[in-house]
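Numbering (this note's numbering), first residue to last: 68 to 150.
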């Protein structure tokens with residue numbers, strides 16, 4: 068599995084603002100980039116959570132279907148043995 072990375076966007080903003088003030092130039096573009104990354108990461112996290120929930124639902128459904136199938140095979144086997 069891939070390693071989960073978490074970023075502290077607020078710290079990045081603060082550092083960039085301090086560096087920009089020290090250097091005397093604007094940092095608007097960098098701050099917009101950080102905002103975009105933070106927003107994208109939040110969207111990706113929500114999507115991953117939805118996929119994980121759907122995966123769990125499908126696993127439960129598969130267990131139910133396998134149990135139902137086993138019951139059908141068992142009764143067919145019983146019927147065949149009776150004959």
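For every residue, glycine included, the Cβ atom is placed at its ideal position computed from N, Cα and C.
Cutoff 6 Å; reference residue i; Cβ partners in own chain excluding five residues on either side
{"i": "residue 97", "result": "83"}
{"i": "residue 87", "result": "94"}
Beta-carbon spacing of residue i, residue j below 7 Å
{"i": "residue 105", "j": "residue 76", "result": "yes"}
{"i": "residue 80", "j": "residue 101", "result": "yes"}
Close beta carbons around residue i, own chain, < 8 Å, minus the five adjacent residues each side
{"i": "residue 103", "result": "none"}
{"i": "residue 69", "result": "Reliability fails at residue 69, whose pLDDT of 49 lies under 50, so the model's placement of it is uncertain and no value is given."}
{"i": "residue 108", "result": "74"}
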